[in-house]
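K.L.:
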């Protein structure tokens with residue numbers, strides 16, 4: 384803070400006009416330069432996204448055909464292979480994780496919002512943030528040690544639990560943030576009508592915050608949909624058709640990984656196609672989440 | 005303004021329209037002895053009037069002194085409660101953490117009367133009101149001591165079900181609080197969800213219509229009952245909230261500055277409504293607006309710094325306040 | 006809502022109360038009295054349920070810590086402190102030291118932060134100060150999308166697009182054209198899979214985290230701070246440099262540390278790009294290992310219980326490091342948002 388902090392000193396008044404103008408010109412040049420650099424940073428930051436999406440379309444689009452969604456993986460050299468099992472497997476994993484993670488996360492978020500200030504709420508909020516930052520691979524080996532090793536085999540539900548463990552802290556925090564935006568006056572109005580606390584929370588507060596909570600849930604789902612590391616040693620992947628929760632199950636990100644590190648061009652093409660489908664799935668979920676948010680603001684500002 | 009109470013300028017000359025509410029109160033009315041009515045006589049700072057020697061509370065209430073305020077008497081035959089009060093407060097103190105918002109207040113809130121609570125900002129009047137249906141304790145670090153008796157039952161007693169209590173003691177807040185996710189009809193019907201047995205759909209529609217008619221909202225909204233309640237104007241929203249509170253037929257209605265965020269016309273409508281409501285229930289209204297207190301209430305309580313300074317029939321309080329602090333407040337010297 | 010208030014609402018907790026006044030009986034028949042009695046059972050169930058859900062979070066963290074520690078305990082007990090300092094990682098002979106992985110993790114993360122931090126702060130400044138209103142939402146959305154792209158997709162792109170470019174163009178350019186090859190960091194053969202590749206892909210991946218936290222912190226700087234500087238005749242940049250950035254400094258540092266936490270634990274893209282070789286080399290062109298990629302690469306094919314345990318121990322080290330890093334970051338961000346909240350209130 385040099386120029387900005389100092390009020391114009393008396394000395395500046397005796398500067399020759401030309402010198403003052405020169406100094407001013409220099410200051411404005413610095414300003415323009417920094418504005419340019421900042422704009423450049425924005426361009427550079429968004430460039431990778433554009434490039435990645437470009438390559439996904441270029442390399443993957445030709446392989447995304449109908450049979451990609453309906454066929455099973457085929458051995459190297461055979462054409463017409465697909466990822467039907469991986470797509471279904473990813474949906475099953477997302478479903479399992481949501482079934483566990485969403486109720487716990489939303490319930491925990493309600494607690495954080497309603498008991499804000501209590502010691503347990505403060506501790507839980509902090510730990511949720513810390514848990515949120517844990518590497519996904521750590522969740523993977525945790526789930527392996529906790530749910531695979533004791534049972535002696537990989538399973539879809541171990542993968543679902545690992546993903547749910549990643550959802551819970553995130554959903555809890557977004558739910559809390561949204562529920563806190565519901566005015567206290569609404570809660571009071573419901574309580575004053577003789578509503579019980581649970582009815583107030585669920586039918587007035589949570590219902591008012593529904594759009595935001597749904598958005599938070601969708602963002603969390605979009606995040607886990609692409610997770611690979613927690614599934615490596617839990618869901619494990621499966622070359623065959625399986626929908627059993629007690630068996631290893633295929634997943635889109637796992638399949639992409641397997642194909643990408645393989646030496647075969649056929650499989651590389653399949654990996655690009657799988658990545659394109661995966662990113663499309665995530666984009667659709669993200670866009671739905673955004674539209675839901677917009678709806679919330681429209682009603683709130685009425 | 006139909007019931008037409010109005011206040012002339014406080015500096016108006018004494019007129020013939022002096023209060024007429026001097027019928028003797030029944031002897032059964034007894035203020036709790038700790039009522040702060042027996043303040044010692046003090047020469048007011050203007051020196052224009054000396055307070056008479058301390059009199060028994062009932063006598064003090066009856067006294068009519070020369071007035072500087074002209075008030076049209078509301079149509080209540082007597083400002084003195086008859087029969088047994090349903091709601092009374094005994095030694096009530098309310099706290100936020102360590103700070104005391106209401107200090108040892110005792111007051112009787114007579115049935116089918118409108119009692120106004122006035123006082124400067126931060127005097128604890130809203131907190132006192134919120135203690136009457138146990139809304140105070142929903143705030144963080146809030147705490148209550150003392151008793152609030154409703155029909156002989158301490159509402160702070162161990163066995164009391166708070167939600168059942170609040171169904172009988174309704175409340176309307178300063179800002180309108182329609183539920184944004186519900187239609188106009190569902191807002192009014194919202195309280196009925198908690199009733200047992202829950203009324204049928206047809207019965208619910210009846211109740212909704214009656215509540216909306218009582219608040220003079222029916223004609224304005226009957227064609228759009230299914231629309232969102234947030235589309236209504238502020239005044240309509242507030243009347244909707246009153247209708248919602250009335251739908252479950254509370255015995256007591258608490259109003260916390262219900263017109264503070266409304267325009268004059270909406271304010272008038274709400275005041276007319278309050279005036280009507282006292283035929284059916286006990287009404288307690290907190291207001292920062294002395295004219296409003298004078299217009300709608302039968303009795304007025306003045307609070308200052310968390311303490312109840314004085315409670316008296318509205319006419320009396322505004323014409324011949326007993327306590328010099330009350331006089332200072334109503335003549336506009338502070339607050 | 007405090008525990009005290011809740012309990013008093015639910016059950017009417019014991020409070021100091023005067024004895025019933027003598028006049029209470031005279032207050033009338035118990036018309037309402039009986040009707041407002043009764044406990045609120047639903048509220049107790051609801052309260053217990055959400056408390057239980059909330060307790061899942063600390064329970065989960067403890068469970069993760071305990072399980073991973075137990076899994077890694079045999080290796081930690083066997084190798085002791087040398088597990089962290091030894092660079093021998095030899096599954097065949099059953100000797101395990103995590104130093105190369107720890108080194109690789111730190112170096113790749115440092116590269117990522119060195120590249121991502123200035124860019125991310127630039128983006129945050131662009132979004133909060135410079136960009137025209139209509140451009141802010143779309144650009145913010147694009148940057149957020151960077152975070153939504155799965156790690157494995159970045160890995161795929163890195164393997165087939167980034168690595169060839171690095172091998173054929175960037176690495177020879179740095180080493181030969183710019184003559185940076187005299188430095189140990191840019192010497193040696195250009196394979197492609199390398200520390201540099203991992204650092205680059207990580208920088209793309211952590212950028213959105215740093216920029217979104219920074220942007221939030223910048224937006225939390227009170228208007229009055231900006232106006233005070235502008236009113237002194239400062240240019241926009243002088244205002245930012247003199248008033249806005251100092252105010253937001255610790256929050257931005259928190260965001261950078263949060264990005265560090267992400268970089269330390271990123272798995273898939275790094276595994277696909279770093280070359281997976283347990284060695285410590287000064288050259289950024291040489292392959293290496295990170296803790297996360299070591300686990301991802303060897304866990305499924307571990308050669309025995311001790312190998313598995315060593316990998317779990319690496320996981321435990323990673324867990325502890327990211328735990329500390331995240332705790333520091335959250336604390337810093339929380340400090341700023343609290344201070345901002347107080348000052349604007």
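Protein chains in written order, with my numbering: chain A, 384 to 685; chain B, 5 to 339; chain C, 6 to 350.
All C-beta atoms, glycine included, are put in the ideal place defined by N, C-alpha and C.
1) Going straight from the alpha carbon of residue 563 of chain A to that of residue 600 of chain A, what length do you get?
2) Decide yes or no for the touch test of the stretch 196 to 215 of chain B against the stretch 595 to 610 of chain A: beta carbon pairs closer than 8 Å, at least 3 of them.
3) Are there 16 or more other CB atoms within 10 angstroms of the CB of residue 142 of chain C, so buried, or fewer, so exposed?
4) Going by C-alpha distance, which of A:465, A:435, A:477 and A:444 is nearest residue 613 of chain A?
5) Compile a chain-ordered list of the residues in the stretch 175 to 197 of chain B whose CB is closer than 7 Å to at least one CB of chain A.
6) What are the partner residues of residue 627 of chain A, as DSSP defines its beta bridges?
7) Check whether the Cβ of residue 609 of chain A lies closer than 7 Å to any Cβ atom in chain C.
8) Say whether chain A places a C-beta atom closer than 7 Å to the C-beta of residue 230 of chain B.
9) Quick check: is the beta carbon of residue 650 of chain A nearer than 7 Å to any beta carbon in chain C?
10) Along the chain, which unbroken stretches of the alpha helix (DSSP H) at least 4 residues long are found entirely within the stretch 268 to 327 of chain B?
11) Return yes when the Cβ of residue 615 of chain A is within less than 7 Å of the Cβ of residue 396 of chain C, no when it is not.
12) Any idea if residue 321 of chain B is buried or exposed, counting beta-carbon neighbours within 10 angstroms, 16 or more meaning buried?
13) DSSP state of residue 131 of chain C, grouped into three classes?
14) If you reduce the DSSP assignment to three classes, tell me which class residue 92 of chain B lands in.
15) So, with DSSP's three-state summary, where would you put residue 149 of chain B?
16) From the beta carbon of residue 79 of chain C, is the nearest beta carbon of chain A less than 7 Å away?
17) As a quick exercise: from A:583, A:618 and A:655, pick the residue whose alpha carbon is nearest that of residue 475 of chain A.
18) When we look at the beta-carbon of residue 67 of chain C and count the other beta-carbons within 10 Å, is it buried (16 or more) or exposed?
19) Are residue 314 of chain B and residue 330 of chain B close, meaning C-beta to C-beta below 7 Å?
20) Please list the partners that residue 290 of chain C has in chain A, where partner means a Cβ-to-Cβ separation under 8 Å.
21) Nearest to residue 633 of chain A by alpha carbon, out of A:537, A:403 and A:554?
22) Pick out whichever of A:444, A:506 and A:546 has its Cα sitting closest to the Cα of residue 480 of chain A.
23) State the start and end residues of the unbroken beta strand (DSSP E) segment that holds residue 604 of chain A.
24) Rounded to the nearest angstrom, what separates residue 127 of chain C and residue 96 of chain C at their Cα positions?
25) How would you list, in chain order, the residues of chain A whose beta-carbon sits under 7 Å from the beta-carbon of residue 301 of chain C?
26) Residues of the stretch 410 to 437 of chain A in Cβ contact with chain C at a cutoff of 7 Å, in chain order, please.
27) How far does the beta strand (DSSP E) with residue 104 of chain B in it reach, from first residue to last?
28) Return the residue from the list A:561, A:580, A:566 and A:494 that minimises the CA-CA distance to residue 675 of chain A.
29) Residues in the same chain with beta-carbon distance under 8 Å from residue 244 of chain C, minus the five sequence neighbours each way, listed in chain order, please.
30) So, helix, strand or coil for residue 258 of chain B, using DSSP?
31) Can you list the residues of chain A that residue 63 of chain C reaches, using a CB-CB cut of under 8 Å?
32) From C:121, C:184, C:117 and C:77, pick the residue whose C-alpha is nearest to that of residue 101 of chain C; which is it?
33) When the distance is taken between beta carbons, is residue 200 of chain C closer than 7 Å to residue 293 of chain C?
34) Tell me whether residue 539 of chain A counts as near the ligand NAD, meaning its Cβ is closer than 6 Å to at least one heavy atom of that ligand.
35) Scan the stretch 44 to 58 of chain C for residues whose Cβ lies nearer than 8 Å to a Cβ of chain A and list them as they occur along the chain.
36) I'd like to know if the stretch 573 to 590 of chain A and the stretch 458 to 466 of chain A are in contact, where contact means that at least 3 CB-CB pairs between them fall below 8 Å.
P.N.:
According to the data block:
1) If I take the Cα positions, the gap works out to 16 Å.
2) Counting Cβ pairs under 8 Å, fewer than three are found: no touch.
3) Counting Cβ neighbours within 10 Å, residue 142 of chain C comes out exposed, since fewer than 16 surround it.
4) Ranked by Cα distance from residue 613 of chain A, the options A:465, A:435, A:477 and A:444 are led by A:477.
5) Sequence-ordered contacts of the stretch 175 to 197 of chain B with chain A read 175, 177, 179, 181, 183, 184, 185, 194 and 195 [C-beta pairs closer than 7 Å].
6) Residue 627 of chain A is not bridged to any residue.
7) At least one chain C Cβ lies under 7 Å of residue 609 of chain A.
8) No, residue 230 of chain B lies away from the interface with chain A (no Cβ there is under 7 Å from its Cβ).
9) Using a CB distance cut-off of 7 Å, residue 650 of chain A does not count as an interface residue toward chain C.
10) With a minimum length of 4 residues, the continuous alpha helix (DSSP H) runs that stay inside the stretch 268 to 327 of chain B are 268 to 281, 294 to 300 and 318 to 323.
11) Residue 396 of chain C falls outside the range modelled here, since chain C spans only 6 to 350, and no answer is possible.
12) Flag for residue 321 of chain B reads buried.
13) If DSSP states are grouped into helix, strand and coil, residue 131 of chain C belongs with the helices.
14) The answer is strand: DSSP assigns residue 92 of chain B an E or B state.
15) Three-state result, residue 149 of chain B: strand.
16) Proximity of residue 79 of chain C to chain A, defined by a Cβ-Cβ separation below 7 Å, is not satisfied.
17) Residue A:618 holds the alpha-carbon nearest to the alpha-carbon of residue 475 of chain A among A:583, A:618 and A:655.
18) By the neighbour-count rule (16 or more Cβ atoms within 10 Å), residue 67 of chain C is not buried but exposed.
19) In this structure, residue 330 of chain B lies closer than 7 Å to residue 314 of chain B by Cβ.
20) Result: empty, since nearest Cβ-Cβ is about 21 Å, beyond 8 Å.
21) Of the listed residues, the one whose Cα sits closest to residue 633 of chain A is A:537.
22) Closest option to residue 480 of chain A, judged by alpha-carbon separation, among A:444, A:506 and A:546: A:546.
23) Not the beta strand (DSSP E): residue 604 of chain A falls in the alpha helix (DSSP H), residues 593 to 608.
24) Spanning the two alpha carbons is a distance of roughly 45 Å.
25) Going along chain A in sequence order, the residues near residue 301 of chain C (Cβ under 7 Å) are 520, 612 and 615.
26) Listed in sequence order: 410, 411, 413, 414, 417, 418, 420, 421, 422, 424, 425, 427, 428, 429, 431, 432 and 435.
27) Element bounds for residue 104 of chain B: 103 to 113.
28) Residue 675 of chain A has its Cα closest to that of A:561, out of A:561, A:580, A:566 and A:494.
29) When the five nearest sequence neighbours on each side are left out, the beta carbons in the same chain lying within less than 8 Å of the beta carbon of residue 244 of chain C are those of 231, 234 and 235, in order along the chain.
30) It is a strand residue.
31) Around residue 63 of chain C, the beta-carbon contacts reaching into chain A at under 8 Å are 506, 507 and 510.
32) Answer by Cα proximity: C:77.
33) Yes. Within cutoff.
34) The model on display carries no ligand, and the ligand NAD is accordingly not part of it.
35) Look at the stretch 44 to 58 of chain C: the residues with a C-beta under 8 Å from a C-beta of chain A are 45, 47, 48, 50, 51, 52, 54, 55, 56, 57 and 58.
36) They do not touch, by the three-pair rule.
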